[in-house]
Amino acid sequence: MSILAPPASGHALLHQVLEGDAVLVRFHFSDGDRPYFETYQVLGPDDARPFQTGRINALGEVSFRPNRPGRWKVIVATEDGHGAEARIDVDPGSLAVADPGGAGLAQAARLSAGVGYLLGAFGIVALWRLQRARRSRG
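Per the numbering used here: the sequence shown = residues 1335 to 1472.
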């Protein structure tokens, strides 16, 4: 039976950090295989409670958007007992600023626009009444 068994190889879980708007950490075993759909936790600087949890994607990657600078940790534990901890230092200048998206105008801008619309409507009504008064005199 031992003749048919495959040769044993080291099975360390390694990682690579890729930086961009979000932090992307790619995990892989020493033989090149990926730890597909294994569980992970992302911990913020000095946090005991996870910032994010989930499963590694089909590419062997974990991505997250840190909300503050400091040392972040991505901890992966596989079902067969392997694990890895990636430490990522996030600088204040590298934080991505969230775009408010559909938040629209700020309150002061909305107030100014509202006043402008009211003044415009008042001007149109005033011109209409002036025109009407001129027609009735003439």
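Note that CB positions come from ideal geometry on N, CA and C, so glycine has one too.
What you are looking at is a predicted structure, and each value in this text was computed from that prediction instead of being measured.
In DSSP terms, what residue i is bridged to
{"i": "GLY1482", "result": "The structure shown does not extend to residue 1482, since the chain spans only 1335 to 1472, so no value can be given for it."}
{"i": "ILE1409", "result": "GLN1375 and GLU1419"}
{"i": "ARG1389", "result": "THR1373"}
{"i": "ARG1360", "result": "GLN1350 and GLU1395"}
Assigned secondary structure, residue i (DSSP; H/G/I helix, E/B strand, else coil)
{"i": "GLY1378", "result": "coil"}
{"i": "ARG1463", "result": "helix"}
{"i": "ARG1469", "result": "helix"}
{"i": "PHE1478", "result": "Lying outside 1335 to 1472, the shown extent of the chain, residue 1478 is not represented and no answer is given."}
{"i": "LEU1452", "result": "helix"}
{"i": "GLY1457", "result": "helix"}
Identity of the residue in the options nearest residue i by Cα
{"i": "ASP1414", "options": "ALA1420, GLN1465, PHE1371 and GLY1448", "result": "PHE1371"}
{"i": "ASN1401", "options": "LEU1348, ASP1355, TYR1374 and HIS1362", "result": "ASP1355"}
{"i": "PHE1361", "options": "GLY1378, LEU1377, GLY1417 and ARG1383", "result": "GLY1417"}
{"i": "PHE1398", "options": "ALA1346, VAL1351 and PHE1456", "result": "VAL1351"}
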